[in-house]
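So the protein lines, in turn, are chains A and B.
One gets the numbering used here by counting positions in the first sequence from 1 and adding 5 to each.
One gets the numbering used here by counting positions in the second sequence from 1 and adding 5 to each.
The beta-carbon is built from N, C-alpha and C at its ideal position, and this holds for glycine as well.
Note that this is a predicted model, so its numbers are computed, not measured.
Remarks on the structure that follows.
There are 2 protein chains.
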Amino acid sequence: MNFPKRKQKIIEQLSQSGEVDIKQLAAELNISEITARRDLNQLAADGLLYRTHGGATKVNPHERPHSFVNKSAQNATVKDAICRRAASQIHNGDVIFMDCGSTVFRLCQFIKNKKIKVITNSLPVVYELQDSAVSVNIIGGELDKERQAVHGTTAIEHIQKYRATKAFLGVDGISEAGLFANSEYEASITTAFAANSAFIYILCDASKISKETYLNFAGLDIINAIITDADPERLKGFKESGVVILKAGI
Amino acid sequence: MNFPKRKQKIIEQLSQSGEVDIKQLAAELNISEITARRDLNQLAADGLLYRTHGGATKVNPHERPHSFVNKSAQNATVKDAICRRAASQIHNGDVIFMDCGSTVFRLCQFIKNKKIKVITNSLPVVYELQDSAVSVNIIGGELDKERQAVHGTTAIEHIQKYRATKAFLGVDGISEAGLFANSEYEASITTAFAANSAFIYILCDASKISKETYLNFAGLDIINAIITDADPERLKGFKESGVVILKAGI
DNA sequence: TTGATAATGATTATTTTTGAACGAAAATAG
DNA sequence: CTATTTTCGTTCAAAAATAATCATTATCAA
């Protein structure tokens, strides 16, 4: 039996019973445990299930099936690890900026009970923090329906009125040359956030490291730290810019 | 049984009975007390419950995300009739203000296909117009979670930057003495909308007519028209202020 | 056939999870 | 207020699961 066939069986059983077990899966599909594990890992990487110790469970049977949540399902485990690390940096009383990246979005679940203020241009973040202890400040301006976020000159002016203790931002790419974005809009928002925050964290998974794409809108000097799952070896060059590297344990 | 599975059980029991006990949990899930304790600690760290000595309690006794929807569903037919009339006043190219009232919210469904710009402080309106032809501009500022709307000085400043052709606003009461609101916040937002719009409509069902409540924040002179299902006889006195009465046919 | 590539399995080292023990802290009873 | 009981956190060890590495097998094209 090949992988696509097995994948189908796994998904099927998962949707029925809600969970699968490595041992039982190996026996049932007549494969070794290591292969069963590899299968589950691959499916988890595609966001089709949540990996657990010894097996897997369905993706969020409890959470609201809102269009917001879907986009961020890719690489959920890696992103969650990064966000858990990020959340440990946030303490009661903080005022934080959050931008509209899918990684940053997953930070919401870990800060719901903190007594902090969040200033954001991301609708999914607003929605997610609606029933939480967090005080939310929405950045005003034109709504970009594609990205479900606010942008434009009004948004920039709004940001400039506020000062945050910490900013948690995503990028499309980052290298020793600095930060990269796929659009001017994202770049200007990120720059504004960075200029008005005391400490700036970049959240990015390994795929963004050393990736140079479209617009190099700022140098590494405007940020203070990078939280990532990537091997610190790959980030050695970054340290010369005084950027702190925080490794997220998966 | 692994952690995600246990987590699910714990949350489930918590939402039912409101509290869990370490000993009972350990016996029920067939785990040691120390593991039960660790589970509760982790869930508490993620803000999913409150840790107590010997157990845990629910974190959010008030489930209120439906309150807005419920309120908006009351008198639905009447409100829809009012909104249908209001929608007939809106044409392509208009720039309109919409506030956070439950009546105004129902206007969304009638304008989804119009090529207009909507400027609003209401989150439900934003969500509702997400997949529509309408270009949305969100007013920035502090989020009032109770009313799911933005308010505060930043919001007022934001409104003052824009000019609308028409404004569609709700009130808590209206009489010959003018407009009434239940809070300063709503009053200041309504005033700001009115001051920056060329033509101001008030949407209100019969129950609001001649109702004087709490704060009389403005006279009838700041508005141009009232769209209502009420008998025009009851509104005779209003016409002396130059206000147009538009009767909504049920 | 032959070589290259991908999938699978086996082995080992590492990590995670779990439970037990014990002193410290908190709640309760007297 | 003190003593007792309960609960908590920490440390340590065992067991399970995992990741990493290497070997084997299967597949496919030249």
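Label Thr82 (chain B) either buried or exposed according to how many other C-beta atoms from any shown protein chain fall within 10 Å of its C-beta, with 16 as the threshold for buried.
-> Along the second sequence, read from residue 1 onward, the residue named residue 82 (chain B) stands at position 77. With fewer than 16 other Cβ atoms within 10 Å, it is exposed.
Where does Asp149 (chain A) fall in DSSP's three states?
-> Taking the first sequence and counting its residues from 1, the one referred to as residue 149 (chain A) is at position 144. Three-state DSSP puts Asp149 (chain A) in a strand.
Is the stretch 27-41 of chain A touching the stretch 15-32 of chain B, taking contact as three or more C-beta pairs under 8 Å?
-> no
Could you tell me which chain B residues have their CB closer than 8 Å to the CB of Gly59 (chain A), listed as they occur along the chain?
-> For the purposes of this step, residue 59 (chain A) is taken as residue 54 along the first sequence, with counting starting at 1. Result: Asn7.
Could you pull out every residue in the same chain whose Cβ sits closer than 7 Å to the Cβ of Lys14 (chain B), ignoring the five residues on either side in sequence?
-> Residue mapping note: residue 14 (chain B) aligns to position 9 of the second sequence, counting from 1. For Lys14 (chain B), where only same-chain residues beyond five positions count, the Cβ hits under 7 Å are Leu34.
Name the two residues that bound the continuous beta strand (DSSP E) containing Asp26 (chain B).
-> Locating residue 26 (chain B) in the second sequence gives position 21, counting from the first residue. From DSSP, the beta strand (DSSP E) with Asp26 (chain B) extends over Glu24 to Asp26.
Identify which residue in A:Gly224, A:Ala203 and A:Ile214 has its Cα closest to the Cα of Leu184 (chain A).
-> One-based indexing of the first sequence puts residue 184 (chain A) at position 179. Closest option to Leu184 (chain A), Cα to Cα, is A:Gly224.
Cβ neighbour criterion (16 or more within 10 Å) applied to Ala182 (chain B) | Here the question's residue 182 (chain B) lines up with position 177 in the second sequence. Exposed, because fewer than 16 other Cβ atoms sit within 10 Å of the Cβ of Ala182 (chain B).
What is the rounded straight-line gap between the Cα of Leu45 (chain A) and the Cα of Asn7 (chain A)?
-> As a working note, residue 45 (chain A) is residue 40 in the first sequence. As a working note, residue 7 (chain A) is residue 2 in the first sequence. Those two C-alpha atoms are separated by around 14 Å.
Beta-carbon gap between Ile207 (chain B) and Ile228 (chain B) smaller than 9 Å | Here residue 207 (chain B) corresponds to residue number 202 of the second sequence, with the count starting at 1. Here residue 228 (chain B) corresponds to residue number 223 of the second sequence, with the count starting at 1. Yes, the Cβ-Cβ distance between Ile207 (chain B) and Ile228 (chain B) is below 9 Å.
Between the C-alpha atoms of Leu128 (chain A) and Gln153 (chain A), what's the straight-line distance to the nearest angstrom?
-> Mapped onto the first sequence, residue 128 (chain A) falls at position 123. Mapped onto the first sequence, residue 153 (chain A) falls at position 148. Roughly 6 Å separates the two Cα atoms.
Could you have a look at Gly178 (chain A) and say whether DSSP puts it in helix, strand or coil?
-> Numbered from its first residue, the first sequence carries residue 178 (chain A) at position 173. Strand.
Are the beta-carbon atoms of Cys88 (chain A) and Gln114 (chain A) separated by less than 9 Å?
-> The sequence position of residue 88 (chain A) within the first sequence is 83, counting from 1. The sequence position of residue 114 (chain A) within the first sequence is 109, counting from 1. Yes, they are a contact pair.
By Cβ distance, which residues of its chain are closer than 7 Å to Pro70 (chain A), with the 5 residues on each side in sequence left out?
-> What you label residue 70 (chain A) is simply residue 65 of the first sequence in a count that begins at 1. Low per-residue confidence applies at Pro70 (chain A): pLDDT is 35, beneath 50, and the placement is therefore not dependable, though the value from the model is reported in the following sentence. Result list for Pro70 (chain A): empty, nothing under 7 Å.
Rank B:Glu238, B:Lys10 and B:Ser212 by C-alpha distance to the C-alpha of Glu24 (chain A) and give the top, closest one.
-> On the first sequence, residue 24 (chain A) is found 19 positions in, with the first residue counted as 1. When only C-alpha atoms are compared, the closest one is B:Lys10.
In terms of residue numbering, what span does the alpha helix (DSSP H) encompassing Lys166 (chain A) cover?
-> Indexing the first sequence from 1 puts residue 166 (chain A) at position 161. Taken as a continuous stretch (DSSP letters only), the alpha helix (DSSP H) holding Lys166 (chain A) covers Thr158 to Lys166.
With 9 Å set as the bound, which would you pick, yes or no: does the beta-carbon of Ser22 (chain B) sit closer than that to a beta-carbon of chain A?
-> Here residue 22 (chain B) refers to the residue found at position 17 of the second sequence. Closer than 9 Å: no.
Beta-bridge pairing of Gly60 (chain B) - partner residues as DSSP gives them = Working through the second sequence from its first residue, we reach residue 60 (chain B) at position 55. Partner(s): B:Asp26 and B:Thr57.
Use the C-beta contact count for Lys76 (chain A): other C-beta atoms within 10 angstroms, 16 or more gives buried, fewer gives exposed.
-> Locating residue 76 (chain A) in the first sequence gives position 71, where the first residue counts as 1. Low per-residue confidence applies at Lys76 (chain A): pLDDT is 48, beneath 50, and the placement is therefore not dependable, though the value from the model is reported in the following sentence. Flag for Lys76 (chain A) reads exposed.
Closer than 9 Å to chain A by CB, Ala160 (chain B) = Residue 160 (chain B) sits at position 155 when you count from the first residue of the second sequence. Yes, contact with chain A.
Looking at the C-beta of Asn97 (chain A), does it have a partner C-beta in chain B at a distance below 9 Å?
-> The residue you call residue 97 (chain A) lines up with position 92 of the first sequence. Output row for Asn97 (chain A): interface = no.
List the endpoints of the continuous beta strand (DSSP E) containing Tyr206 (chain A).
-> In the first sequence, the residue the question calls residue 206 (chain A) occupies position 201. Ser202 to Leu208 is the span of the beta strand (DSSP E), which, as asked, contains Tyr206 (chain A).
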